[in-house]
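Residue numbers (my numbering): 1 to 158. No residue lacks a Cβ here, since even glycine has one placed at the ideal position from N, Cα and C. Treat the numbers as computed from the prediction; the structure is a model and nothing was measured.
Written out as C-alpha cells, the structure reads:
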C-alpha cells in the first residue's frame, strides 16, 4: 500500500514539474521568447521586433502584439478595412454592438477607413505564456463574433 501511494505521489510530482506554468515578470519579458512560445503552439510569426510581433493563426487571421514602454500591458490589436461606401451611421451602430462584447474594444479609424480591434493584456504583476495564449485565442474568437454582428456587410474582407 505504501509503495502504491509513494509511486502515485512521485508520478504527480513529476507531471506537475513538467507541466507547471512559469510566471514571467515584466522586467524579464522578451518578444523573442513570446514569439518562440507561440511558434511552438502552431502560430506563424510574420514579423518580429523587440517590442512588437505580428502573428498568424492556422485560419490565416492576423494579430499584432505590442508591449508598452512601461511594460504594463501587451496590446493585442488588428485593423479591418471598411467598405468605402459604408454609411457612417451603420459603422457607428456596428461599433456599438461590437463594444457590447466583453473582451475587445473597437474604434473607427477614419484615416485608414478601418475598424481597429484591441485588447490590453495586463502584465504588471507578471503573466504566464499559457494565459497569454488563452487571451490570443479569446481575441480571435471575439473578433469572429464581431464579424458575425456585421449584418450590413460593412467590413471589406479583401
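Best match in 30, 144, 150, 149 for proximity to residue 60 [C-alpha to C-alpha]:
As a first step, residue 60 is located in the chain shown; it is residue number 60 there, counting from the start. Measuring from the Cα of residue 60, the nearest candidate turns out to be 144.
Grouping DSSP H, G and I as helix and E and B as strand, with all else coil, what is residue 95?
Here residue 95 refers to the residue found at position 95 when the chain shown is read from its first residue. Residue 95 falls in the helix class under three-state DSSP.
Are residue 22 and residue 131 closer than 8 Å when you measure CB to CB?
As a working note, residue 22 is residue 22 in the chain shown. As a working note, residue 131 is residue 131 in the chain shown. For residue 22 and residue 131, no; Cβs fall outside 8 Å.
Is residue 133 closer than 8 Å to residue 49 when the C-beta atoms are compared?
Here residue 49 refers to the residue found at position 49 of the chain shown. Here residue 133 refers to the residue found at position 133 of the chain shown. Contact annotation: residue 49 and residue 133 have beta-carbon atoms that are not nearer than 8 Å.
Given that a residue counts as buried once 16 or more other Cβ atoms are within 10 Å of its Cβ, and exposed if not, what is residue 137?
Against the chain shown, residue 137 aligns to sequence position 137. Residue 137 counts as exposed, since fewer than 16 other C-beta atoms from the protein chains shown sit within 10 angstroms of its C-beta.
Look at the alpha carbon of residue 25 and the alpha carbon of residue 87, and state the distance between them as a whole number of angstroms.
Taking the chain shown and counting its residues from 1, the one referred to as residue 25 is at position 25. Taking the chain shown and counting its residues from 1, the one referred to as residue 87 is at position 87. Between residue 25 and residue 87, the C-alpha separation is close to 45 Å.
Endpoints, the alpha helix (DSSP H) within which residue 69 is located:
Working through the chain shown from its first residue, we reach residue 69 at position 69. Per DSSP, residue 69 lies in no alpha helix (DSSP H) segment and is marked neither H nor E.
Can you check which of these residues, 139, 3, 147, is closest to residue 102 by C-alpha distance?
Along the chain shown, one-based indexing puts residue 102 at 102. Residue 139 is the option with its Cα nearest to residue 102.
Going along the chain, which residues of its own chain have a beta-carbon closer than 8 Å to the beta-carbon of residue 150, five neighbours each way excluded?
Walking along the chain shown from the start, residue 150 turns up at place 150. Same-chain partners within the cutoff: 94.
CA-to-CA distance, residue 126 to residue 12, given in whole angstroms:
The residue you call residue 12 lines up with position 12 of the chain shown. The residue you call residue 126 lines up with position 126 of the chain shown. Any answer about residue 12 is weak, because its pLDDT of 49 lies below 50 and its placement is not dependable; what the coordinates show is given next. If you take the alpha carbons of residue 12 and residue 126, they lie about 26 Å apart.
Residue 141: first and last residue of the uninterrupted alpha helix (DSSP H) it sits in
Counting from one through the chain shown, the residue named residue 141 turns up at place 141. Note, residue 141: alpha helix (DSSP H), 129-148.
Measuring only the C-alpha atoms, how far is residue 84 from residue 113?
Position 84 of the chain shown, counted from the first residue, corresponds to residue 84. Position 113 of the chain shown, counted from the first residue, corresponds to residue 113. The alpha-carbon separation between residue 84 and residue 113 amounts to approximately 7 Å.
Give the straight-line distance between the Cα atoms of residue 122 and residue 43, rounded to the nearest whole angstrom.
Mapped onto the chain shown, residue 122 falls at position 122. Mapped onto the chain shown, residue 43 falls at position 43. Taking the straight line from one Cα to the other gives about 21 Å.
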